[in-house]
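Heads up, the thing below is written out as structure tokens.
2 protein chains.
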Amino acid sequence: MRIAELSQRTGVPIPTIKFYLREHLLPPGELTSPNQAQYGETHVHRLRLVRALVEVGGLSISATREVLTRMRAATNTLHSIGKAQFAIADPVEPHEDEAWHDAVRRVDELVAERGWQVRDSNPARASLAEALAYLTRLGHGDLFPLLRHYASAAELLAVSEVDVVLSRENVDSMSETLVTMSVLGDAMMSALRMMAQESDATRRFEEP
Amino acid sequence: MRIAELSQRTGVPIPTIKFYLREHLLPPGELTSPNQAQYGETHVHRLRLVRALVEVGGLSISATREVLTRMRAATNTLHSIGKAQFAIADPVEPHEDEAWHDAVRRVDELVAERGWQVRDSNPARASLAEALAYLTRLGHGDLFPLLRHYASAAELLAVSEVDVVLSRENVDSMSETLVTMSVLGDAMMSALRMMAQESDATRRFEEP
DNA sequence: CGTAACGGATAGTAGAACTATCTTTCTGAG
DNA sequence: CTCAGAAAGATAGTTCTACTATCCGTTACG
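Here the protein sequences come in this chain order: V and S.
Numbering follows UniProt numbering, with no gaps: position 189 of the first sequence is 189.
Numbering follows UniProt numbering, with no gaps: position 60 of the second sequence is 60.
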């Protein structure tokens with residue numbers, strides 16, 4: 001198919017597709033002549049994936065490229081597959097005050113307490129510490145107990161999630177599933193949390 | 001205190017503080033003379049809250065202002081308090097294809113199945129539908145069963161979360177807790193999910 | 001007393017994510 | 001065969017966001 005059809009099928013404007021091609025978010029089409037190219041189903045799929053990462057996941061163009069690049073580079077170990085996921089979290093440079101040091105300690109404690117095996121290079125550690133540091137700075141230290149609930153929930157979900165990833169028959173499929181699930185999973189969890197909160201609050205307020 | 005100290009205590013540059021004042025994210029200091037103002041602890045706290053919403057929550061300046069405005073406007077009902085939360089999700093305008101209609105239906109089904117009381121105006125409905133629509137478009141329909149796991153987890157967490165909110169002694173405190181918990185909770189849950197996934201994947205790979 | 005900081009106003013900047021235009025070449029209906 | 005419309009690729013322009021810098025008259029303070 002040509003670029004017009006690609007645009008039709010995905011709802012992405014042609015200039016945007018050209019932009020994505022320039023940015024290497026989308027591989028070039030197969031040239032049939034110096035200025036004619038053919039695109040296939042892989043392009044449709046890739047374009048939808050890009051839009052999902054950008055629109056739903058809120059990833060920047062460069063983060064998206066990073067994720068896609070690492071997805072391709074995944075060879076055959078879970079280790080290399082997981083690295084694609086690491087590019088999702090944008091690196092944060094914290095101001096290292098007392099609250100931050102305390103937060104880092106709390107993260108280490110939590111990981112130890114749960115018996116989790118999490119590498120130091122996992123950017124989620126820093127993200128979590130940053131959030132905890134803000135809790136402290138805002139004087140909401142009494143929210144820390146919630147952390148254990150979140151951790152339990154995350155632990156339970158991880159089992160099902162890794163199940164799904166491992167159920168894929170090949171490596172490419174596994175790493176794409178991981179990326180999709182991570183990004184869309186965050187969005188879904190966030191939405192569900194908000195809905196459950198409203199529901200629970202409503203229920204308790206109406207039936208005391 | 002004067003603006004320099006406010007800057008020192010929060011790590012936010014003076015020009016940025018001035019910018020936030022202009023944008024009404026921060027109330028003006030009390031003027032002691034035409035060009036001298038005093039800031040208090042409330043300013044320190046508010047500034048930290050703004051930074052948490054922007055840095056950790058990834059909210060835009062306008063969304064942040066919206067949240068803060070609604071937080072103030074909350075009178076005394078859970079209903080009005082919850083509205084502050086609604087401003088956190090940035091409204092998405094979906095392209096209403098088949099996948100989207102299907103997704104909306106799924107969301108309605110889920111809510112009914114769970115017996116949740118969620119208003120149609122809750123933007124989380126649209127966010128969730130958008131994510132589900134992308135799952136369909138990407139051919140990852142087999143991830144739908146995960147949705148029930150996420151919903152269960154969200155339901156469990158909501159109870160503890162609403163507990164914490166209701167434990168606050170006054171309305172201002174309740175709405176601030178709700179906002180903080182929503183935004184930082186998303187970040188924490190996201191990080192924990194990633195950590196738990198790595199841990200689980202590592203464990204299963206190492207000990208077959 | 002003088003210099004440094006202040007508040008307020010205005011203007012400028014850097015980056016991100018597109019969007020538009022232009023040139024040259026190619027396709028495909030009539 | 002022809003020619004209007006579409007394509008590829010290059011370059012330039014736009015819009016928005018989130019700051020950042022400068023200037024000016026005024027005030028604090030060592």
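Cβ atoms here follow ideal geometry from the backbone N, Cα and C, with glycine treated the same way.
Note that this is a predicted model, so its numbers are computed, not measured.
Counting only the same chain and skipping the five closest in sequence on each side, list residues whose C-beta sits under 7 Å from that of residue i.
i: V179 (chain V); result: V67, M71, A84, Q85
i: V44 (chain V); result: L6, R9, T10
i: R106 (chain S); result: L132
i: V12 (chain S); result: L47, R51
i: D102 (chain S); result: T136
i: L143 (chain S); result: L135
Alpha carbon to alpha carbon, how far is residue i from residue j?
i: A52 (chain S); j: G58 (chain V); result: 18 Å
i: A158 (chain S); j: Q38 (chain V); result: 50 Å
i: D120 (chain S); j: R204 (chain V); result: 19 Å
i: S182 (chain V); j: M194 (chain S); result: 8 Å
i: L49 (chain V); j: P27 (chain S); result: 42 Å
i: L47 (chain V); j: P15 (chain V); result: 13 Å
i: L147 (chain V); j: Q117 (chain V); result: 18 Å
i: L138 (chain S); j: L21 (chain S); result: 44 Å
i: Q36 (chain S); j: I61 (chain S); result: 26 Å
i: residue 269 (chain S); j: S33 (chain V); result: Residue 269 (chain S) falls outside the range modelled here, since chain S spans only 1 to 208, and no answer is possible.
i: A196 (chain S); j: G82 (chain V); result: 12 Å
i: E109 (chain S); j: I3 (chain S); result: 53 Å
i: H79 (chain V); j: S127 (chain V); result: 20 Å
i: G141 (chain S); j: S199 (chain S); result: 26 Å
i: M1 (chain S); j: I17 (chain S); result: 14 Å
i: A74 (chain V); j: A112 (chain S); result: 41 Å
i: T42 (chain S); j: E206 (chain V); result: 34 Å
i: A63 (chain V); j: F19 (chain V); result: 15 Å
i: V54 (chain S); j: V54 (chain V); result: 18 Å
i: L145 (chain S); j: V104 (chain S); result: The amino acid occupying residue 145 (chain S) in the given sequence is Pro; Leu does not appear at that position. The straight-line gap from Cα to Cα measures roughly 16 Å.
i: A69 (chain V); j: S167 (chain V); result: According to the sequence displayed, residue 69 (chain V) carries Thr and not Ala. Straight-line Cα distance between these residues: approximately 23 Å.
If residue i sits next to residue j, beta carbons under 8 Å apart, how far is it from one beta carbon to the other, in whole angstroms?
i: L184 (chain V); j: V56 (chain V); result: 6 Å
i: W100 (chain S); j: A133 (chain S); result: 4 Å
i: S190 (chain V); j: H149 (chain S); result: At roughly 15 Å, the Cβ-Cβ gap does not stay under 8 Å, so S190 (chain V) and H149 (chain S) are not in contact.
i: A201 (chain V); j: V162 (chain S); result: 5 Å
i: E169 (chain V); j: R114 (chain V); result: Wrong, their Cβ atoms sit about 31 Å apart, outside the cutoff.
Note down, in chain order, each residue of its chain lying with its Cβ closer than 8 Å to the Cβ of residue i, except the 5 sequence neighbours on either side.
i: A187 (chain V); result: V56, G57
i: R65 (chain V); result: E23, H24, L25
i: T77 (chain V); result: none
In chain order, what residues of the same chain have a beta carbon less than 6 Å from the beta carbon of residue i, not counting five sequence neighbours either side?
i: V165 (chain V); result: M174, T177, L178
i: G29 (chain V); result: A37, Q38, Y39
i: L31 (chain S); result: A37
Does at least one heavy atom of the ligand MG sit under 8 Å from the Cβ of residue i?
i: A133 (chain V); result: As presented, the structure is devoid of all ligands, the ligand MG included, so that no description of it is given.
Worksheet item: Curious, which full-length alpha helix (DSSP H) runs of at least 4 residues does the stretch 55-105 of chain S contain?
Response: 61-73, 78-86
Worksheet entry | the stretch 87-95 of chain V touching the stretch 121-129 of chain V, judged by at least three CB pairs closer than 8 Å | yes
Worksheet item: How about the stretch 95-110 of chain S and the stretch 165-178 of chain V: do they share at least three Cβ pairs that are nearer than 8 Å?
Response: no
Worksheet item: Mind pulling the alpha helix (DSSP H) runs of 4 or more residues that sit fully within the stretch 139-176 of chain S?
Response: 144-166
Discussion item. Restricting to runs no shorter than 4 residues, where is the alpha helix (DSSP H) found entirely within the stretch 1-31 of chain V?
Written reply: 3-10, 14-22
Fill in: Length at least 4, wholly inside the stretch 103-136 of chain V: the alpha helix (DSSP H) runs in chain order
none
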